[in-house]
Each structure stands twice: as C-alpha cells, then as structure tokens.
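Here is the structure we will look at, set down as structure tokens.
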Amino acid sequence: METAWDAQLRTAGLRVTRPRLSVMDVLATHPHVNAETIVTAARAAHPAISPQAVYGVLKALVGGGLARRIEPAGGPALYELRVGDNHHHLVCRECGVVVDVDCVVGAAPCLAPSDTAGFVVDEAEVVFWGSCAGCQAARR
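Straight run, no breaks: the sequence shown in our numbering ends on number 421.
So, in structure tokens, the structure goes:
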C-alpha cells in the first residue's frame, strides 16, 4: 500500500520503512517538534519504535533534504518538514512556541554577510524572538 511519503523517500534515495513513515506522519501533524515528542507520538502507530530508531530516521530525513533541524538557543533541536524555501521562525521566549514566517522581503542586508571568510553561503537562518499573543494575553 503506497503512502503519501513513499515517492518522497525514494526520490531522496531512502528506503520506505515503517519507522520513517511513522516519523514523517508525526512531523506532518506536529511541526517544530523535538525528538522526544516524536518518539512518543510515533509509538502510537509503531509501538516498538525505539528512541535510537527515531534519531536515525531524523538524521536520514535531514540528510536526504526531507526534514529540517532547527536549534533555537536554549532549547532542544526541533524538526519540521518545511524545507527548501529558506523560511524563518518566530519563537516565544515565554512558552517556547515556534511559528514559521516567510523570508524577509525587500532589502534584507542582514542576510548577506559582509565577509564570508572563504565560506560558500547557501542558507541564512533568522530567528525572531518575542512573546506570542497567548503569553501577552496571559500577562494582562
């Protein structure tokens, strides 16, 4: 039985396996989630999946360009399926919620380094920090 993820996995050069399908299903419904949460959620569909298997799947998905790993300062690594569009993130300092925000439009001088120090730059990551609407309302 073909799933929605089979073609994407094969195109990335990855075998279609039950753990990979389980992790991709979790990421599709829970963007910006940490590995521990992925393990718990993936076990609903695949009870025998181990934390080591989830970490291996995440490494393969990121390496294959199917998932993205982000590391907001002070928190665990988070994973998402939105890749290839150079979007950025808003992070709430209070509750930790993470929201996608499309790339800055117009002149964005901060995305072009003044000196590349010999690097070939292929991506810029911007994290906007602040307080989400829910935390602002809770403080009032």
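Idealized CB from N, CA, C, for every residue including glycine.
Would you tell me roughly how many angstroms separate the C-alpha atoms of Gly411 and His369, rounded to the nearest one? Rounded to the nearest angstrom, the two C-alpha atoms are 14 Å apart.
With respect to the beta strand (DSSP E) encompassing Tyr349, which residues constitute its N-terminal and C-terminal limits? Reading the sequence as shown, one finds Arg at residue 349 and not Tyr. Here the beta strand (DSSP E) through Arg349 covers Arg349 to Ile351.
Does the segment 299-309 touch the segment 317-327, meaning 3 or more C-beta pairs lie closer than 8 Å? Yes, they touch.
Which term fits Val338, buried or exposed, when burial requires 16 or more other beta carbons within 10 angstroms of its beta carbon? By the Cβ-count criterion, Val338 is buried, with 16 or more other Cβ atoms from all chains shown falling within 10 Å of its own Cβ.
Exposure of Arg363, with buried meaning 16 or more beta-carbon neighbours within 10 Å: Exposed is the call here.
Please report the straight-line C-alpha distance between Thr284 and Arg296, rounded to a whole angstrom. C-alpha separation (whole angstroms): 13 Å.
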